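Data block below; observations after.
Chains as they are written, first to last, in the working numbering: chain A, 1 to 77; chain B, 1001 to 1504.
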């Protein structure tokens, strides 16, 4: 099977990104804002329980938020 | 210590997958075939009829040769030698040989041979897919372009003068075999041809003139590698645009759903140089009157529909003399119109970069052959579309796939006619790692290097397949997540250390 046939066979499944270009800034900014607030809440009480309740969601929000915001500003990673 | 162990294990999980990044083999273009000293192609073929069409309408030479070949040996033969004069051999690009009666069957394998300075002629070997039986015939369609063969004469002109190019060739088409009948048709860009060689090789006028087409021949029974020097000089008041180097990057982003293209050009005008200093007043007058000029005034680059965010910069910074006309998805092309900072006259150089973005959905599909398999189809070369054509001495096309892409395979699409590209064995391929923003391992980059290319390759396309799993995609956010998580754990752990001064 030539690669062009692979391309034609896949005509029904064009790639769609997880977040469209138009909403990248909104999603990225919201996640970074959430990360900022959660980090602040963790800072109020730096207990082991806070790591689980605030630290983990803040880390995840920052991780994905950073990726979307860098895409939103034109550096497509 | 337990959280640190957990974190180390987490990081290890994602970073250890670097071992699974399998690169396909990098392949240099195949090395030329070595021929013995004083090699002469065995006389097993005869050219029954040969028609050479020389096209001089663009700033480079484009030739198609249709030849009826007969096997005059007693055994089947499969290696046909194409001979080129030594001074032309290194300039030949996009060489393609097909069966003229069945062009849809694709190109034949062609191999270059080692350059031997002792010989007047150098050879390419065409491997016929099926050996040609004795006394049977095949019609070969041979096409190629040759760069930097057209010389401006006079070599220097004044700013508003007309420009003329000279082309030196042999009235007998170069061939490694005896040719029964042959003729050469030369197509000029206009009827203004002040100088051309006339011969007494035929009974009538030679060349025979018909508008902008001059026909040398027909000549009968020409021995192998016989030459008859001839030259023509014709008007070409257009720039001879040459890109000494083109670097083209295509960057695929799954997270951003974007295909980013950047092209970096090192342009030179190979036309006549200026005899005097540049005169701004004369230039303004001739521009206002839209007179033809040997200088590059403007470059128009058609872009795919849906192209956005174009930019045009050079060493100084943004060049504001550009215009962008967005196209309409799905059919109408966008157009990027560039005006360099200064008109580029003969011998002058200009280097710049342009770039733009496209939605990835038009170029990338999820392949049905595998769960994590993707297939990408992108233009191999875009670049300016100008009537005078562009020759690229070297083009480096780099396709930057997402971080973690593996099992990379590619294919340059063939058409029923020439796609303007040389055979796969003349293209150098390299698979490397390219590190940029937010990368841990580096992105998989497929680099294709082609020499002696022309803008005939504008419509050529490349299809690439690669495997890219969900974990590969999550590597970026998870690495950043792990980084911030480490900060939280460190803040908690350091906060728990008891540094008070008291009795324990």
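Glycine is no exception: its CB is placed at the ideal position from the N, C-alpha and C atoms.
None of these values were measured; they are calculated from a predicted model.
C-beta neighbour in chain A for residue i, strict 7 Å
i	result
residue 1312 of chain B	no
residue 1261 of chain B	no
residue 1444 of chain B	no
residue 1425 of chain B	no
residue 1326 of chain B	no
residue 1456 of chain B	no
residue 1329 of chain B	no
residue 1377 of chain B	yes
residue 1318 of chain B	no
residue 1419 of chain B	no
residue 1258 of chain B	yes
residue 1169 of chain B	no
residue 1412 of chain B	no
residue 1380 of chain B	no
residue 1024 of chain B	For residue 1024 of chain B, the pLDDT reaches just 48, beneath the cut-off of 50, and the residue's location in the model is therefore unreliable, although a value from the coordinates is still provided. No, no contact with chain A.
Residue range of the unbroken alpha helix (DSSP H) whose run includes residue i
i	result
residue 1285 of chain B	1280-1288
residue 32 of chain A	24-44
residue 1260 of chain B	Here residue 1260 of chain B belongs to no alpha helix (DSSP H); instead the beta strand (DSSP E) covers 1258-1269.
residue 1089 of chain B	1086-1089
residue 1337 of chain B	Segment 1334-1338 is the beta strand (DSSP E) holding residue 1337 of chain B; no alpha helix (DSSP H) there.
residue 1188 of chain B	Unbroken run through residue 1188 of chain B: none, as it is neither H nor E.
residue 70 of chain A	56-72
residue 1477 of chain B	1470-1496
Length of the line joining the Cα atoms of residue i and residue j
i	j	result
residue 1474 of chain B	residue 1067 of chain B	57 Å
residue 1106 of chain B	residue 1128 of chain B	12 Å
residue 1384 of chain B	residue 1243 of chain B	11 Å
residue 1315 of chain B	residue 1443 of chain B	27 Å
residue 1353 of chain B	residue 1187 of chain B	34 Å
residue 52 of chain A	residue 1481 of chain B	13 Å
residue 1077 of chain B	residue 1041 of chain B	12 Å
residue 1278 of chain B	residue 1389 of chain B	25 Å
residue 60 of chain A	residue 1325 of chain B	41 Å
residue 1064 of chain B	residue 1261 of chain B	33 Å
residue 1366 of chain B	residue 1425 of chain B	29 Å
residue 22 of chain A	residue 1308 of chain B	13 Å
residue 1169 of chain B	residue 1081 of chain B	20 Å
residue 48 of chain A	residue 1493 of chain B	9 Å
residue 1162 of chain B	residue 1210 of chain B	23 Å
residue 1156 of chain B	residue 1378 of chain B	41 Å
residue 1226 of chain B	residue 1171 of chain B	10 Å
residue 1370 of chain B	residue 1238 of chain B	51 Å
residue 1048 of chain B	residue 1069 of chain B	6 Å
residue 1052 of chain B	residue 1218 of chain B	11 Å
Where the beta strand (DSSP E) containing residue i begins and where it ends
i	result
residue 1215 of chain B	1213-1222
residue 1378 of chain B	1373-1379
residue 1104 of chain B	Counting along the chain, residue 1104 of chain B falls outside any beta strand (DSSP E), and DSSP gives it neither H nor E.
residue 1432 of chain B	1428-1434
residue 5 of chain A	Not the beta strand (DSSP E): residue 5 of chain A falls in the alpha helix (DSSP H), residues 3-9.
residue 1356 of chain B	1349-1359
residue 1066 of chain B	1061-1071
residue 1093 of chain B	1092-1099
residue 1396 of chain B	1390-1403
Beta carbon proximity, residue i to chain B, threshold 7 Å
i	result
residue 27 of chain A	no
residue 57 of chain A	no
residue 73 of chain A	no
residue 13 of chain A	yes
residue 32 of chain A	no
residue 37 of chain A	no
residue 10 of chain A	yes
residue 3 of chain A	yes
residue 6 of chain A	yes
Residue i Cβ short of 6 Å to the ligand HEM heavy atom set
i	result
residue 1120 of chain B	Of ligands this structure carries none, so the ligand HEM is not represented either.
Report yes or no: do the region 1453-1466 of chain B and the region 1417-1427 of chain B share at least 3 C-beta pairs separated by less than 8 Å?
-> Short answer: they touch.
Do three or more CB pairs link the region 1434-1450 of chain B to the region 1379-1396 of chain B at distances below 8 Å?
-> By the Cβ criterion, the region 1434-1450 of chain B is in contact with the region 1379-1396 of chain B, since at least three pairs of Cβ atoms, one from each stretch, lie closer than 8 Å.
Would you say the region 1275-1293 of chain B touches the region 1352-1365 of chain B, given that touching needs at least three Cβ pairs under 8 Å?
-> Cβ pair count under 8 Å is below three, so no.
Using Cβ-Cβ distances below 7 Å, what residues of the region 59-71 of chain A are close to chain B?
-> Contact residues of the region 59-71 of chain A toward chain B are 59, 60, 62, 63, 64, 66, 67, 70 and 71 (C-beta to C-beta distance below 7 Å).
Quick one: which residues of the region 1342-1372 of chain B get their C-beta closer than 9 Å to a C-beta of chain A? List them in chain order.
-> Residues 1357, 1359, 1360, 1361, 1362, 1363, 1364, 1365, 1366, 1367, 1368 and 1369.
In chain order, what residues of the region 1480-1503 of chain B put their CB closer than 7 Å to some CB of chain A?
-> Result list: 1480, 1481, 1484, 1485, 1488, 1489, 1491, 1492 and 1495.
Between the region 1460-1480 of chain B and chain A, which residues of the former have a C-beta closer than 7 Å to a C-beta of the latter?
-> Residues passing the 7 Å Cβ filter: 1463, 1465, 1476, 1477, 1478 and 1480.
Hey, is the region 1088-1097 of chain B in contact with the region 1138-1151 of chain B, meaning 3+ C-beta pairs nearer than 8 Å?
-> Touching, yes, given that three or more Cβ pairs across the two stretches are closer than 8 Å.
Proximal residues, the region 1243-1256 of chain B versus chain A, C-beta separation under 8 Å = Flagged, chain order: 1251, 1253, 1254, 1255 and 1256.
Cβ contact (3+ pairs, closer than 8 Å) linking the region 1268-1276 of chain B and the region 1234-1254 of chain B | Touching, yes, given that three or more Cβ pairs across the two stretches are closer than 8 Å.
Can at least three beta-carbon pairs, one atom from the region 1429-1441 of chain B and one from the region 1332-1346 of chain B, be found at a separation below 8 Å?
-> Between the region 1429-1441 of chain B and the region 1332-1346 of chain B, the count of Cβ pairs shorter than 8 Å is below three; the stretches do not touch.
Residues of the region 1393-1404 of chain B whose Cβ lies closer than 7 Å to any Cβ of chain A, in chain order = Residues of the region 1393-1404 of chain B that bring their beta carbon within less than 7 Å of a beta carbon in chain A are absent altogether.
The region 1170-1186 of chain B in contact with the region 1141-1155 of chain B per 3-pair CB rule at 8 Å = No, they do not touch.
When the Cβ atoms of the region 61-75 of chain A are set against those of the region 31-47 of chain A, are three or more pairs found closer than 8 Å?
-> The region 61-75 of chain A makes contact with the region 31-47 of chain A, as at least three CB pairs between them are under 8 Å.
Please confirm if the region 1330-1342 of chain B is in contact with the region 1296-1310 of chain B, defined as three or more CB-CB distances below 8 Å between the two stretches.
-> Yes: at least three Cβ pairs fall under 8 Å.
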